[in-house]
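Residue numbers (the numbering used here): 1 to 278. All C-beta atoms, glycine included, are put in the ideal place defined by N, C-alpha and C. So the structure is just underneath, and the comments pick up after that.
Now the structure itself:
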């Protein structure tokens, strides 16, 4: 599933083409994704200008000039593809479910083979209290979110720190890959109880989380299966993994030849080095 860096990469790729542009036509090729698409979708979208695109957790927020926000979630396999010229007139793919034609000739196709994505149209003033957004934790890349803030979110939690980092109520958008990478950089075992990640440990972990997320965004995210950028390019952060998906390979940090191990936590694969992560 796309995590924060992949969603942010898509947002950044769309911004130059969508911000300040008017949606002249919306083609809805099915009635639902994970949830039913908004009622009278085309009528409520066509003619509206996208003022900017924000992000909250793994949701993109297309701000419209009429006081509404189009909420877009990519789900497991969703893609937003930018097309122009002859490319925008090519036949639709079976999985092109929603198509936006902009006033400058560009086209955006939402393609989702598994249909776990969603689109909602909400009033701006209803976003914060909506059931999708109200329970969400803080953004890891916010400047104000630091080690002490992370420690406060982990206080009293007896779950493994890796599991806690995947809890969207604790912190949003980190995801499995980036939790593994950040814990290795910080030298913290994924099996350590979350409540014990305090003080200097929490400081190290928060620095590592911010670092790995920012580097992945620069690299266009991680393209393991479905993620591509809006221009069709792949992300390449997967070429820089230090532990994720490297079971049995040498740990880059250890000088004593220790190898990366794989265990399963909460149904997800965890990759780590038992020698340098405590």
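Boundaries of the beta strand (DSSP E) harbouring residue 96: 96–102, taken from the DSSP string. Measuring C-alpha to C-alpha distances from residue 103 to each of 68, 22 and 125 identifies 22 as the nearest.
Taking 4 residues as the shortest admissible run, the segment 12–69 contains the following complete alpha helix (DSSP H) segments, listed from N- to C-terminal end: 41–45.
Residue 239 sits away from residue 248, with the two beta carbons spaced by 8 Å or more. C-alpha of residue 172 to C-alpha of residue 107: approximately 30 Å in a straight line.
Distance from the CA of residue 256 to the CA of residue 275, rounded to the nearest whole angstrom, comes to 9 Å. From the listed residues 46, 132 and 229, the smallest Cα separation to residue 58 is found for 132. Residue 236 sits exposed, since fewer than 16 C-beta atoms from the chains shown fall within 10 Å of its C-beta.
One thing to note: residue 177 has its Cβ within 8 Å of the Cβ of residue 222. Nearest Cα to residue 86 within the set 195, 151 and 105: 105. Within the same chain, Cβ atoms closer than 6 Å to the Cβ of residue 266 are found at 163, the five residues on either side in sequence being excluded. Between residue 46 and residue 227, the beta carbon gap of about 29 Å keeps them out of contact (Cβ cut-off 8 Å).
Judged by DSSP secondary structure, residue 215 falls within the alpha helix (DSSP H) whose first and last residues are 199–218. When 269, 117, 48 and 8 are compared, the shortest CA-CA separation from residue 31 is found for 117.
DSSP places residue 184 within a helical segment (H, G or I) once states are collapsed to three. Between residue 272 and residue 138 a beta carbon distance of about 25 Å is seen, past the 8 Å cut, so the two are scored as non-contacting. Under the criterion of beta carbons closer than 8 Å, residue 99 and residue 109 qualify as touching, at roughly 5 Å. Nearest to residue 270 by alpha-carbon distance, out of 182, 94, 112 and 37, is 182. No Cβ-Cβ contact shorter than 8 Å links residue 42 with residue 64. Rounded to the nearest whole angstrom, the C-alpha separation of residue 94 and residue 50 is 27 Å. Under DSSP, residue 73 takes part in a beta bridge, and its partners are 59 and 118. Using a 10 angstroms sphere on the CB of residue 79, the tally of other CB atoms reaches 16 or more, which defines it as buried.
Note on geometry: alpha-carbon atoms of residue 219 and residue 212 lie some 11 Å from one another.
In this structure, the beta-carbon distance from residue 136 to residue 205 does not fall below 8 Å. In the three-state reduction of the DSSP assignment, residue 237 falls in the helix class. One Cα belongs to residue 40, the other to residue 121, and the distance between them is close to 10 Å. Straight through space, the alpha carbons of residue 67 and residue 153 are spaced by roughly 33 Å.
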